[in-house]
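Structure, as structure tokens:
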């Protein structure tokens, strides 16, 4: 989905004459210590947070409006284990800290966020960070959880020990924020430039850093909470040789079953309401071209996409639970064996899984993959994963062409199976392409698989609710912008040139002629010219396809009064419909994805190669699908 | 070798023999000499394995764990579940190696 992951860029205020004043504060800490949760708390923004290491892969800035300090800029950074970066995302953090990141000001102060559940290990990062000499406050995050599990820490003694202010906070609950305010107020001026005076171990040596961290935590009376027995018990089942994979499959299957059995009726209901609302509203419009433009052009196009909102939200509900619970990292662990056979490692599985939502953030997430060639291979295959923008297309054509037959006492639906098949098709194409790349142009030696598993956490209603709200509004914005503009444009092209002031026959219109002109290229796939126009428009974003269908079938007098699902049967056969879905499984129709691939690989070469490769594959597979369906049914 | 420890047992790290960048990264994750490592689970396919170190859970593939030398600590009283578990993945390991 275009624009799904690029919020309005924040511009830090221009540096004033007063250079001693505090302006920019950076959030630093080990992966999954809760920096982004704190960032959201302090800025009032909604940066993505989840329960696995490596959610944040680039710097994000925001004014600290959440605690009434809009004059200060807060920078959220990817998690690091040390100042010696091992992967691309960690390099970002170090470059920002050193003031070498273009467009990001060098921080004047640091909020060091540590997970108090594993303080001894996390303190290892404190040594090199304190040695930077910037005013630093150490925040012991998740202190509420630590106490609940029987842990203990004396922040005052820790502060004396390391020579920096320390506060216990809970970013998720919002406690301890006043301590941060106090720290920021105190550093208003002269002492912002004062170098920290602390006794620190030799920097850059993990052994001494650990020794120092262990001593400090022992002297400050830190008692680690009881190790997460609950988490381990859950893993004994979820990583079990038999139950683990079975659980995985059952979860995946039930996601799709729910998307159909609950999402489809909701979607149909929403469609009815929207259709009625459209008819009712146009009563107030004169019965001429304007009504046709509003009802047949814009409204039919936009609502044909809008009706898929329930399914999209259901899908994101599941993705949210998957990411927030901590299961995602386990899935990567289970998948490592499969990923090894294609020459990648389990870490590549995390971006691939998040690509089920959208390929753009998934491609960004590949920054956590340490090996450059592995990373490129993952970027190149990510768009094969079935993103949520394909869902409306699949839902529309499955509902229209696949009969709702159920097997096994109604538990397994044919429509669900077709949907699963399409997801599987994309996944297999990704694996096969990765294998091809890794055994030819992107061959490399194996990099070790090192993955930290977070403890399981119950996803909160609030975080899931916010996610759904955000994704829902992205979807609605998309419908209100790109899709609205495309459908309006299509209506114009479908109604010109005018014949004696009347709309032309659809086939005589500009769009009709364009469609018929490109028909030879798509006829072998069983597509009609309207599908051809849909394919052209869907290069912008995949779900535009559905809007285009709504407008074109709405503009055709023969199908005007029918629902879109019925209208499609008018000039499309089963073979063409299946071929179309197969085409969408493979083709790269998304300008945002191409843009992000260009940015991450630093050249147009890869996105162009990727686009052509996927197009050829899509055309070929659709041809085979159409031919095969024809053979079976003739 | 760390890879030879069975699920449920604990070892003390003696040395790590890996390229320096990986070695450094592992050290910052807690794989330091004299650190205690507990073997928690093996993935369903028998590899990678989840280790607990400093209270954190970290998964490593066998080839990485093979480069980490450990000495055994006093054998813990294994519970019924733990005695059953380790034998299964090891069979599949042997198959995979052939």
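Protein chains in written order, with the numbering used here: chain A, 73 to 706; chain B, 156 to 253. We put the CB at the ideal spot given by N, CA and C, even for glycine. Computed from a predicted model, the values in this text were never measured in an experiment.
Check: Residues, ordered as in the chain, of the stretch 199-214 of chain B that lie near chain A by beta-carbon distance below 9 Å; Outcome: 199, 200, 201, 202, 203, 205, 207, 208, 209, 210, 211, 212, 213, 214
Check: Complete runs of the alpha helix (DSSP H) confined to the stretch 475-546 of chain A [at least 4 residues]; Outcome: 486-510
Check: Residue 562(A), enclosing alpha helix (DSSP H) - first and last residue; Outcome: 556-567
Check: Residues near residue 474(A) by beta carbon distance below 7 Å, same chain, minus five either side; Outcome: 486, 487, 490
Check: Residue 458(A) classed as buried or exposed, judged by whether at least 16 other C-beta atoms fall within 10 angstroms; Outcome: buried
Check: Distance CB(residue 425(A))-CB(residue 403(A)) smaller than 8 Å; Outcome: yes
Check: Bridge-paired residues (DSSP) for residue 136(A); Outcome: 141(A)
Check: Chain A contact residues for residue 219(B), given Cβ-Cβ distances below 9 Å; Outcome: 520, 521, 522
Check: Distance between residue 171(A) and residue 283(A) (C-alpha atoms, nearest Å); Outcome: 29 Å
Check: Contact the stretch 196-207 of chain A vs the stretch 170-187 of chain A: 3+ CB pairs below 8 Å; Outcome: yes
Check: Sub-8 Å separation of residue 241(A) and residue 396(A) beta-carbons; Outcome: no
Check: Cα-Cα separation between residue 590(A) and residue 687(A), rounded to whole angstroms; Outcome: 16 Å
Check: Collapsed DSSP secondary structure at residue 257(A) in the structure displayed; Outcome: helix
Check: Below-8 Å beta-carbon distance, residue 171(B) vs any chain A residue; Outcome: no
Check: C-alpha gap between residue 642(A) and residue 559(A), whole angstroms; Outcome: 21 Å
Check: Residue 71(A) classed as buried or exposed, judged by whether at least 16 other C-beta atoms fall within 10 angstroms; Outcome: With chain A running from 73 to 706 in the structure shown, residue 71(A) is simply not present.
Check: Near-chain B residues of the stretch 152-177 of chain A (beta-carbon distance less than 8 Å), N- to C-terminal order; Outcome: 153, 154, 156, 158
Check: Proximity test, Cβ basis, 8 Å: residue 196(A) and chain B; Outcome: yes
Check: Cross-strand partners of residue 224(A) (DSSP beta bridge); Outcome: 295(A)
Check: Residue 279(A) at chain B interface by Cβ criterion, 8 Å; Outcome: yes
Check: Classification of residue 22(A) by the beta-carbon crowding that lies within 10 angstroms, buried from 16 upward; Outcome: Residue 22(A) cannot be examined here, being either before or after the span of chain A that is shown, 73 to 706.
Check: Interface positions of the stretch 392-410 of chain A facing chain B (Cβ-Cβ less than 7 Å), listed along the chain; Outcome: 405, 406, 408, 409
Check: Residue 671(A) burial status per 10 Å Cβ neighbour count (16 or more: buried); Outcome: exposed
Check: Counted within 10 angstroms of its Cβ, other Cβ atoms place residue 219(B) as buried (16 or more) or exposed; Outcome: buried
Check: Inter-residue spacing [alpha-carbon to alpha-carbon] between residue 201(B) and residue 401(A); Outcome: 17 Å
Check: Cβ-Cβ separation, residue 147(A) to residue 99(A) (assumed contact under 8 Å), whole Å; Outcome: 7 Å
Check: 6 Å Cβ shell around residue 624(A) - same chain, five flanking residues per side excluded; Outcome: 602
Check: Any chain B beta carbon closer than 8 Å to residue 317(A); Outcome: yes
Check: Residue-level contact to chain A via CB, residue 216(B), 8 Å cutoff; Outcome: yes
Check: Residue 178(B) (DSSP reduced to helix, strand or coil); Outcome: helix
Check: Straight-line gap, residue 407(A) to residue 414(A) (C-alpha atoms, nearest Å); Outcome: 11 Å
Check: Close-in-space but distant-in-sequence residues of the same chain around residue 196(A) (CB under 6 Å, 5 per side omitted); Outcome: 281, 282, 285
Check: Chain A contact residues for residue 177(B), given Cβ-Cβ distances below 7 Å; Outcome: 520
Check: Pair within 8 Å by beta-carbon distance, residue 152(A) and residue 180(B); Outcome: no
Check: Where the beta strand (DSSP E) containing residue 187(A) begins and where it ends; Outcome: 181-187
Check: Under 9 Å from the C-beta of residue 187(B): neighbouring residues of chain A; Outcome: 278, 279, 282, 283
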